[in-house]
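Numbering (this note's numbering), first residue to last: 182 to 430.
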């Protein structure tokens, strides 16, 4: 399906690998002008060159999402190139797992700063432009772990649960300016993380998923394209699970 997002300027965080890279590729294939954001400048440059060689409209900028000034610099760079910003996909995220009795406060703060504060920074940096334009689309990548919790992931679960609450609040704030804000909660997706699972854990997880398989990054990318398109203009403040039926509410 082709989504009507042609020439829309879309910023994607965590774009250097995994789900973020897949989202960027799908948006570009649908004609969007994409802005690749990540801390990994070497990988960003490589992906950007690949996209340009494929005929896509693409630029990149290194960003540490936990730093608002980094985000603001990226926004100014994008506006100097393409004059405006139409959409933002807050995808960047990290894990630093441990049981609460062993987790260092630094690990908690680091995950919160990237996964939750990073989403806040992204929205704050683009909101003035979107409000001025009376148009915008924001998609925040949360996780089913933010809904059900997980042993050893109190920091990650708290951050992703926070993303859901942040999404709802900002959706209410920005709705009068024709800006929609939604969240996607992926389940277990085929990425580097799931590749590292041992056979016992893999089997246990698969048994908890009604569709009995892991999702693909493209499953997330297709939904992002839809939520950024005009086909989804009446959807805001929602958290949509893409999890093979793992969490049914």
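Cβ coordinates follow ideal geometry from the N, Cα and C atoms, glycine included.
* To do: Report yes if the C-beta distance between residue 436 and residue 348 is below 8 Å; otherwise report no.
  => Any answer about residue 436 is impossible in this case: the structure gives the chain only from 182 up to 430.
* Asked: For residue 296, which three-state DSSP category applies?
  -> On the chain shown, residue 296 is found 115 positions in, with the first residue counted as 1. It is helical.
* To do: Please find out if some non-hydrogen atom of the ligand SAM comes closer than 7 Å to the beta-carbon of residue 261.
  => For the ligand SAM, the structure offers nothing, since it holds no ligand at all.
* To do: May I have the straight-line CA-CA distance separating residue 263 from residue 243, to the nearest angstrom?
  => Start at 1 with the first residue of the chain shown, and residue 263 comes out as number 82. Start at 1 with the first residue of the chain shown, and residue 243 comes out as number 62. Approximately 17 Å between the Cα atoms of the pair.
* **alpha helix (DSSP H) segment containing residue 391, residue limits** => The residue you call residue 391 lines up with position 210 of the chain shown. First-last for residue 391: undefined, no H or E at that position.
* Local Cβ density within 10 Å of residue 236, reported as buried at 16 or more and exposed below that -> Along the chain shown, one-based indexing puts residue 236 at 55. By the neighbour-count rule (16 or more Cβ atoms within 10 Å), residue 236 is not buried but exposed.
* To do: Closer than 7 Å by C-beta to residue 252: which residues in its own chain qualify, once you throw out the five before and the five after it? Chain order, please.
  => By one-based count along the chain shown, residue 252 stands at place 71. 244, 246, 302, 303, 306, listed in sequence order.
* Rounded C-alpha distance that separates residue 402 from residue 270 -> Your numbering for residue 402 matches position 221 in the chain shown. Your numbering for residue 270 matches position 89 in the chain shown. For residue 402 and residue 270, the distance between alpha carbons rounds to 10 Å.
* Specify whether the stretch 351–368 and the stretch 318–327 touch according to this definition: at least 3 beta carbon pairs, one from each stretch, less than 8 Å apart. => yes
* Excluding the five sequence neighbours on either side, which residues of its own chain have a C-beta within less than 8 Å of the C-beta of residue 371, listed in chain order? -> Counted from its first residue, the chain shown places residue 371 at position 190. Contacts found: 395, 396, 397, 398.
* Report yes if the C-beta distance between residue 266 and residue 292 is below 8 Å; otherwise report no. => Your numbering for residue 266 matches position 85 in the chain shown. Your numbering for residue 292 matches position 111 in the chain shown. Cβ atoms of residue 266 and residue 292: not closer than 8 Å.
* To do: Going by CA-CA distance only, name the one from 388, 420, 295 that's closest to residue 336.
  => Your numbering for residue 336 matches position 155 in the chain shown. Here the closest residue by C-alpha is 295.
* Asked: Do the CB positions of residue 216 and residue 192 come within less than 8 Å of each other?
  -> On the chain shown, position 35 is the one that residue 216 refers to. On the chain shown, position 11 is the one that residue 192 refers to. Contact flag set, yes.
* **Residues near residue 411 in its chain [Cβ-Cβ closer than 6 Å; skip 5 each side]** => Here the question's residue 411 lines up with position 230 in the chain shown. Answer for residue 411: 185, listed in chain order.
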